[in-house]
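Working notes for the structure below.
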Amino acid sequence: MEDTPDFGSPTATDPFTPQARHLVVVSGGLGDPSSSLMLANRMATAAADHLSAEGIVPEIHVVELRLLATEIAEATVNPSRSATLQAALDQVEQADGIVTVSPTFKASYSGLFKAFWDLVDNDALRGVPVLLGATGGTPRHSLMIDSAMRPLFSYLRSKVLSSSVFAASDDWGEVTGGQESARTTPLQHRIDAAGEDLASVVGRLPARPRRATGEAKPLEVISFDQLLRGN
């Protein structure tokens with residue numbers, strides 16, 4: 001397995017300018033190293049390369065859910081959120097494009113993956129391009145993306161790309177002498193194609209407004225009468 005690529009600190013170009021786009025990588029991988037994180041990073045790198053080729057500066061943030069597992073669990077039963085978790089949610093909710101990957105467990109995404117997205121505001125991802133990916137032991141799990149992941153992000157009214165990438169264990173192949181094996185190359189081709197699709201959509205849309213991460217949202221107060229009426 002390879003280490004997480006260093007996307008570097010945000011570029012010197014002001015990320016609020018029209019030629020910059022904010023991409024967020026969300027990995028639901030539980031292991032260290034993680035094939036889900038490796039796939040997500042490769043997908044984001046492909047998208048960033050295509051954006052750069054079009055003169056658009058990519059600003060990339062990576063969210064590893066396994067590092068937030070305790071805080072995510074606490075937030076599901078307690079309305080307060082840690083600063084670290086809130087910062088991750090802020091990054092996601094302000095993204096111009098999202099790459100998200102989950103391992104496959106019992107024909108669906110992981111519970112940690114679902115718990116995180118349950119914390120995202122229902123309206124925050126409306127119209128935001130989302131590129132989906134998944135990993136699993138065998139190709140027979142590849143339908144999980146369509147049967148489980150797409151409905152989740154359709155509910156959030158995001159712009160779910162038709163492209164997606166599933167990587168089974170055999171897809172990774174072996175790297176010898178710095179050269180990818182014949183088994184690995186098709187996976188990279190799929191990654192490149194999916195990254196290009198995400199970049200083409202993100203590049204056509206205007207950059208979304210940004211706020212400082214961790215900045216508190218206005219508290220919505222619902223009266224007791226409204227609660228009784230079910231509003």
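Residue numbers for the sequence shown follow full-length UniProt numbering, so the first one is 1 and each next one is one higher. Think of the CB as a built atom: it goes at the ideal place given N, C-alpha and C, for glycine as much as any other residue.
On a Cα-Cα basis, can you pick out the residue from the options that is closest to residue i?
i      : options                           : result
ALA44  : LEU205, ASP197, GLY111 and PRO206 : ASP197
SER52  : ALA199, ARG126, ALA207 and LEU161 : ALA199
ALA124 : SER34, ARG210 and ALA20           : ARG210
GLY31  : LEU65, ARG21 and GLY55            : LEU65
ILE98  : GLY137, ARG190, TYR109 and SER164 : SER164
ARG140 : ALA167, GLY127 and MET149         : ALA167
SER142 : ASP171, PRO206, SER158 and ALA115 : ASP171
THR104 : VAL92, ALA95, GLY127 and ALA134   : ALA134
SER108 : ARG190, LEU37, VAL63 and ALA148   : ALA148
ILE72  : ILE145, TRP117 and ILE191         : TRP117
ILE60  : SER36, ALA40 and SER34            : ALA40
VAL63  : MET38, ALA46, ASP49 and VAL77     : MET38
ALA46  : SER110, ASP192, VAL101 and ASP96  : ASP192
SER110 : PRO206, GLY28, PRO33 and ALA207   : GLY28
PRO206 : LYS106, GLN94, THR138 and ASN78   : GLN94
LYS106 : MET144, ARG42, PRO33 and ARG208   : MET144
LYS114 : GLY203, ARG150 and ALA48          : ARG150
Once you ignore the five residues that flank residue i on each side, which residues in its own chain have a CB closer than 8 Å to its CB?
i      : result
ALA216 : Any reading at ALA216 needs caution, since the residue's pLDDT is 43, under 50, leaving its predicted position unreliable; the model's value is listed next. Excluding positions up to five away in sequence, the list is empty.
LEU161 : PRO129, VAL130, LEU131, LEU132, ALA194, ASP197, LEU198 and VAL201
GLN19  : THR13, GLY55, ILE56 and VAL57
SER158 : ILE98, LEU125, ARG126, GLY127, VAL128, PRO129 and VAL130
PRO186 : ASP171
Cβ of residue i less than 8 Å from any chain B Cβ?
i      : result
PRO206 : Annotation note: the requested chain B is absent from the structure, which comprises a single protein chain.
Near residue i, what residues of its chain come up, given a Cβ to Cβ distance below 6 Å and the 5 sequence neighbours on each side ignored?
i      : result
ARG183 : Its pLDDT being 49, under 50, ARG183 is placed unreliably by the model, and nothing is read from it.
LEU156 : LEU125
PHE153 : VAL130 and VAL160
SER35  : THR135
VAL175 : Caution applies to VAL175, whose pLDDT of 46 falls short of 50 and renders its modelled position unreliable; the value that the coordinates give is listed next. Counting only Cβ-Cβ distances below 6 Å, and skipping sequence neighbours, we find nothing.
Between residue i and the rest of its own chain, which residues show a CB-CB distance below 7 Å, the 5 nearest in sequence each way excluded?
i      : result
ALA75  : ARG81, LEU85 and LEU119
ASN122 : LEU156
ALA69  : LEU112
GLY137 : ALA168 and SER169
DSSP has residue i in a bridge; who is on the other side?
i     : result
ARG21 : PRO58
Is it the case that the CB of residue i approaches a heavy atom of the ligand ADP more closely than 7 Å?
i     : result
THR45 : The ligand ADP is absent from the structure shown, which contains no ligands of any kind.
Beta strand (DSSP E) segments (min. 3 residues) lying fully within the stretch 147-178 = 159-168
query = Quick check: the stretch 21-38 against the stretch 81-95, are there 3 or more CB pairs under 8 Å?
reply = Touching, per the Cβ criterion.
request  = Only counting runs of 4 or more residues, tell me where the alpha helix (DSSP H) segments fall wholly within the UniProt domain "NADPH-dependent FMN reductase-like" (23-172), in order along the chain.
outcome  = 35-53, 69-77, 83-93, 111-118 and 150-155
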